[in-house]
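Enquirer: Protein chains in written order, with the working numbering: chain A, 1 to 406; chain B, 1 to 485.
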């Protein structure tokens, strides 16, 4: 265990990073540490956690904006938002439990540092799309801010959004400002059972093309659906294809009819009411259908219609179970544990069909020896390395977490 | 214009201009190079016409490979490059320099692929914004960002400036609607970023490139997200006794959970001019007018408009007029859409673009009026209220040097005011040359350094779109150069 430091103020963090930068001492950057098992293992003598940088510093419900210190627990933020009838539209997923970490402990800074979005991403954008501004300290121990607190802002480069998904390798975030939205009045889910992958994705894409604002479009293969909490769906032994509608009550009712009409060739739809809808999508948000165990979990991003082909191609080499989100554009794929994590086959399939793959869950020894994040094309790799140098010239922040030289 | 706005031109480059033009002609053919003074003069300004400068040459490549050839040549010869779409920038983003080559993308305007099932379209970036939506309209889709110059402006310009538009309250701006890019870097390297899938791998380079004002490279192709078009849309007109009441009404609508497609605001001076010109039937006895548009199908629209009227009642509107027919909708929008032009007919104006937190709207509008009065100038306000993006139009006489100077001073004070209440200098027009020297108002030296080092990663010699975005002296005291090593 490396030396754990918990700065409680920006200047304290700056001071610590300055010390590490001077000695060229690598620092593991974490929030609560719930995602520590994701990425390549970081070798460091020092761990800096942001959990003492805590609290909501600005919340204007009528402007749909909140600012919070980076170490503020997401749960606290969502509770405060819910008290005002609001939420984070991008529905951040919790990858803690599926990777052996704690559930519900992630910080708001980490949500943006890892750009984690859930099912509603298909309708309203990713975490990065809701990030308006941030403050942080880079590897040069410079305190800086980027973006702001207003919705529309093109003043200078979009550095805040550029830092989303950089996994603490460019800067340690100390504060984030983000857009929030009101909870919809009600929500409903329609479910189709027993569809094969390709037909399910076709259904999801057809639904997305209707002007009904589908806010969740998923397909769970039968074994994955068998792990659902919903007793009825779990017991069917069939694949589950589900669509979510959210709006005021009469609009949801009208849209539901219209959607079912457009999808009637796929058979009869089941319906989940408001409470069941919250439970169903809540489970998916925690990746409860992909529980932690000694298998590998891949996250594959591709074109929706490509996804079933890509999964079929991988299945020719290894057993695999899939949970399709984002109308098929995101695949959570569970495969048996092997020394090389099936990297060669999975990445080859992604290269042939188009898309990219990230190894989310594997033993540390595996994550240390294979490319966890999608390998980059040579020019993008060069830009990535140079950006790293621009922010963190001595390479002390989460070195190697994403890529060996970054 | 004050020529001091641009860096001193390189005399050596100017002396070699003949040879440079010849070499460019050899590179991509004489028909793709404009060297005659009259031809070059066409490109001397963008929509911020107060600033003009005739470039050394203009090239109009037809392919990404030709763009790469030109950039590689300019890189090897230390020549500055100013990328250009349709030249509709309101911030001088496409203003040429005397010693620069303008690279226009207007000939690269093909649609490469439309994938309705996966809801994406791939285009060359010289295509106009409007042409993208038109190409997919028959199938019930649209491309969301809709800047008011959408008939003319190119996707390339939209990407460079991260353009918004009236619909962005609901659908986001350019950066939220792009999936992939093909960009040519200054050294001629062609780089693919993202693709038809969501969330590109690695760092979010797309976020950095979109809105980089043509300073990172020239984007030649893009893959965009298509959305299903709503069944219909209808506006409602709300007139208030004070800007304050109108501002509070906007905040209350947003807070209620309704996300209208657009909420547009006009103050009394703007209403008067727009009405005189467009005969939209606007009330002339109100201080502020809101146009709120919602979409969906008929029952949904009816319900939403009823909800909005209910919310508005709290703020005692003098006028409540919901559209009852497509002709009625058109008439309500006619005045708003014609407002800038109508004001332009009675006076020259300087259009500002600051954004503020909505809660400060009434107070800021009052102070804007005061600032302009202090400078002996009139102001009209027409803007996107839903997201706090103000467009005060400072009225002045361009032939009166003193007035023009006062307008510029008042503009700078207004933008400083926007920043001081928690807003920003520019919501959708970009920094360009216009707001470059105000960057220090919003950002510290450290913040600017962080941005400038990113510029050095993409363009180590700072040849692309020079003299824009950052104050000219910002780089001197910094270590930005070392980032490129």
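Built from N, CA and C at the ideal position, the CB exists for glycine as well.
Treat the numbers as computed from the prediction; the structure is a model and nothing was measured.
Only counting the same chain, and skipping five residues up and downstream in sequence, which positions put a Cβ closer than 8 Å to that of residue 140 of chain A?
Expert: For this step, residue 140 of chain A is matched to residue 140 along the first chain. Only 21, 391, 392, 393 meet the Cβ criterion.
Enquirer: What does DSSP give as the partner residues of residue 64 of chain A in its beta bridges?
Expert: Taking the first chain and counting its residues from 1, one reaches residue 64 of chain A at position 64. Residue 64 of chain A is not bridged to any residue.
Enquirer: Tell me whether residue 143 of chain B is buried or exposed, calling it buried when 16 or more other Cβ atoms sit within 10 Å of its Cβ.
Expert: Taking the second chain and counting its residues from 1, the one referred to as residue 143 of chain B is at position 143. Per the 10 Å Cβ criterion, buried.
Enquirer: Can you tell me which of B:294, B:313, B:7, B:343 puts its alpha carbon nearest to the alpha carbon of residue 171 of chain B?
Expert: Against the second chain, residue 171 of chain B aligns to sequence position 171. Ranking the options by Cα distance to residue 171 of chain B, first place goes to B:294.
Enquirer: From B:391, B:390, B:339, B:409, pick the residue whose C-alpha is nearest to that of residue 371 of chain B; which is it?
Expert: Counting from one through the second chain, the residue named residue 371 of chain B turns up at place 371. Taking only the C-alpha atoms, the option nearest residue 371 of chain B is B:409.
Enquirer: Please name the residue, chosen from B:464, B:447, B:373, B:469, that lies closest to residue 78 of chain B on a Cα-to-Cα basis.
Expert: Taking the first residue of the second chain as position 1, residue 78 of chain B is located at position 78. The shortest C-alpha separation from residue 78 of chain B is found at B:464.
Enquirer: What are the partner residues of residue 441 of chain B, as DSSP defines its beta bridges?
Expert: Position 441 of the second chain, counted from the start, is the residue given in the question as residue 441 of chain B. DSSP lists no partner for residue 441 of chain B.
Enquirer: How would you list, in chain order, the residues of chain A whose beta-carbon sits under 9 Å from the beta-carbon of residue 472 of chain B?
Expert: The residue labelled residue 472 of chain B in the question sits at position 472 within the second chain. By Cβ distance, chain A contributes nothing, its closest Cβ being about 15 Å from residue 472 of chain B, past 9 Å.
Enquirer: Taking its Cβ as the centre, do 16 or more other Cβ atoms sit within 10 Å of residue 351 of chain A, making it buried, or is it exposed?
Expert: The residue labelled residue 351 of chain A in the question sits at position 351 within the first chain. The residue in question, residue 351 of chain A, is exposed, as its Cβ has fewer than 16 Cβ neighbours within 10 Å.
Enquirer: Report the CB separation of residue 69 of chain A from residue 54 of chain A in whole angstroms; it is logged as a contact under 8 Å.
Expert: Translated into the one-based positions of the first chain, residue 69 of chain A becomes position 69. Translated into the one-based positions of the first chain, residue 54 of chain A becomes position 54. Contact flag correct, Cβ pair sits at about 5 Å.
Enquirer: Using a Cβ-Cβ cut-off of less than 8 Å, list which residues of the stretch 355–372 of chain A approach chain B; keep chain order.
Expert: Answer set for the stretch 355–372 of chain A: 355, 356, 358.
Enquirer: Output the distance between the C-alpha atoms of residue 20 of chain B and residue 12 of chain B, rounded to the nearest integer angstrom.
Expert: As a first step, residue 20 of chain B is located in the second chain; it is residue number 20 there, counting from the start. As a first step, residue 12 of chain B is located in the second chain; it is residue number 12 there, counting from the start. Whole-angstrom Cα-Cα distance: 11 Å.
Enquirer: Measure from the C-beta of residue 257 of chain A to each C-beta in chain B and report whether the shortest distance is under 8 Å.
Expert: Taking the first chain and counting its residues from 1, the one referred to as residue 257 of chain A is at position 257. Chain B contact via Cβ: absent.
Enquirer: Would you be able to state if there are at least three C-beta pairs under 8 Å between the stretch 158–170 of chain B and the stretch 421–437 of chain B?
Expert: The stretch 421–437 of chain B vs the stretch 158–170 of chain B: in contact.
Enquirer: Beta-carbon of residue 296 of chain A versus every beta-carbon of chain B: anything under 8 Å?
Expert: Counting from 1 along the first chain, the entry for residue 296 of chain A is found at position 296. No - not a single Cβ of chain B is within 8 Å of the one on residue 296 of chain A.
Enquirer: From this set, B:345, B:225, B:8, which residue's C-alpha is nearest residue 393 of chain B's C-alpha?
Expert: Within the second chain, numbered from 1, the residue matching residue 393 of chain B stands at position 393. Selected option, being the one with the closest Cα: B:345.
Enquirer: Would you report the Cα separation of residue 160 of chain A and residue 310 of chain A, rounded to the nearest angstrom?
Expert: Counting from 1 along the first chain, the entry for residue 160 of chain A is found at position 160. Counting from 1 along the first chain, the entry for residue 310 of chain A is found at position 310. Cα-Cα distance, rounded: 33 Å.
Enquirer: Exposed or buried, what is residue 298 of chain A when buried is set at 16 or more other beta-carbons lying within 10 Å of its beta-carbon?
Expert: Stepping through the first chain from its first residue, residue 298 of chain A is reached at position 298. Flag for residue 298 of chain A reads buried.
Enquirer: Please work out which residues of its chain come closer than 6 Å, Cβ to Cβ, to residue 364 of chain A, disregarding the five sequence neighbours upstream and downstream, and give them in chain order.
Expert: The count along the first chain starts at 1 and reaches residue 364 of chain A at position 364. Result list for residue 364 of chain A: 41, in chain order.
Enquirer: State the start and end residues of the unbroken alpha helix (DSSP H) segment that holds residue 136 of chain B.
Expert: Taking the second chain and counting its residues from 1, the one referred to as residue 136 of chain B is at position 136. From DSSP, the alpha helix (DSSP H) with residue 136 of chain B extends over 129–137.
Enquirer: On the three-state DSSP scale, how would you describe residue 279 of chain B?
Expert: Counted from its first residue, the second chain places residue 279 of chain B at position 279. It is coil, neither helix nor strand.
Enquirer: With respect to the alpha helix (DSSP H) encompassing residue 247 of chain A, which residues constitute its N-terminal and C-terminal limits?
Expert: Here residue 247 of chain A refers to the residue found at position 247 of the first chain. Run containing residue 247 of chain A: none in the alpha helix (DSSP H); it sits in the beta strand (DSSP E), 240–247.
Enquirer: With 16 as the cutoff for other CB atoms within 10 Å, does residue 117 of chain A come out buried or exposed?
Expert: As a first step, residue 117 of chain A must be located in the first chain, where it is residue number 117. Counting Cβ neighbours within 10 Å, residue 117 of chain A comes out buried, since at least 16 surround it.
Enquirer: With 7 Å as the limit, tell me which residues of the stretch 218–243 of chain B have their beta carbon closer than that to any beta carbon of chain A; keep them in chain order.
Expert: Hits within the stretch, in order: 228, 229, 230, 231.
Enquirer: Check whether the Cβ atoms of residue 87 of chain A and residue 180 of chain A sit closer than 8 Å, and answer yes or no.
Expert: For this step, residue 87 of chain A is matched to residue 87 along the first chain. For this step, residue 180 of chain A is matched to residue 180 along the first chain. Going by C-beta atoms, residue 87 of chain A is nearer than 8 Å to residue 180 of chain A.
Enquirer: Buried or exposed: residue 442 of chain B, going by 16 or more other Cβ atoms within 10 Å of its Cβ?
Expert: In the second chain, residue 442 of chain B corresponds to position 442, counting from 1. Its Cβ being crowded by 16 or more others within 10 Å, residue 442 of chain B is buried.
Enquirer: Along the chain, where does the alpha helix (DSSP H) that runs through residue 208 of chain A open and close?
Expert: Numbered from 1 along the first chain, position 208 holds the residue referred to as residue 208 of chain A. Segment 197–208, the alpha helix (DSSP H) holding residue 208 of chain A.
Enquirer: State buried or exposed for residue 237 of chain A, treating a residue as buried only when at least 16 other CB atoms are found within 10 Å of its CB.
Expert: The residue given as residue 237 of chain A occupies position 237 in the first chain. By the neighbour-count rule (16 or more Cβ atoms within 10 Å), residue 237 of chain A is not buried but exposed.
Enquirer: Given this structure, state the Cα-to-Cα distance separating residue 327 of chain A from residue 299 of chain B, to the nearest angstrom.
Expert: Within the first chain, the letter at position 327 stands for residue 327 of chain A. Within the second chain, the letter at position 299 stands for residue 299 of chain B. Their backbone Cα atoms lie some 28 Å apart in a straight line.
Enquirer: Here's the rule: buried if 16 or more other CB atoms are within 10 angstroms of the residue's CB, otherwise exposed. What is residue 80 of chain B?
Expert: As a position in the second chain, residue 80 of chain B is number 80, starting the count at 1. With 16 or more Cβ atoms within 10 Å of its Cβ, residue 80 of chain B is classed as buried.
Enquirer: Please list, in chain order, the residues of the stretch 287–314 of chain B that have any C-beta partner in chain A closer than 9 Å.
Expert: So the close ones are 295, 296, 297, 299, 300, 303, 304, 307.
Enquirer: Output the residue ranges of the beta strand (DSSP E) runs that lie fully inside the stretch 157–222 of chain B and measure 3 residues or longer, sorted by chain position.
Expert: Qualifying beta strand (DSSP E) stretches, in chain order: 178–184, 190–194.
Enquirer: By alpha-carbon positions, which one of A:241, A:208, A:249 ends up nearest to residue 230 of chain B?
Expert: Numbered from its first residue, the second chain carries residue 230 of chain B at position 230. When each option's Cα is compared against that of residue 230 of chain B, the closest is A:208.
Enquirer: How about residue 121 of chain B and residue 111 of chain B: are their beta carbons less than 8 Å apart?
Expert: Working through the second chain from its first residue, we reach residue 121 of chain B at position 121. Working through the second chain from its first residue, we reach residue 111 of chain B at position 111. Going by C-beta atoms, residue 121 of chain B is nearer than 8 Å to residue 111 of chain B.
Enquirer: In the DSSP assignment, find the unbroken beta strand (DSSP E) run with residue 115 of chain B in it and report its ends.
Expert: Numbered from its first residue, the second chain carries residue 115 of chain B at position 115. That run of the beta strand (DSSP E) goes 111–115.
Enquirer: Under 8 Å by Cβ, that's how I've got residue 150 of chain A and residue 388 of chain B pegged, so tell me the actual separation to the nearest angstrom.
Expert: Counting from 1 along the first chain, the entry for residue 150 of chain A is found at position 150. Counting from 1 along the second chain, the entry for residue 388 of chain B is found at position 388. Right, the Cβ-Cβ distance comes to about 5 Å (below 8 Å), so this counts as a contact.
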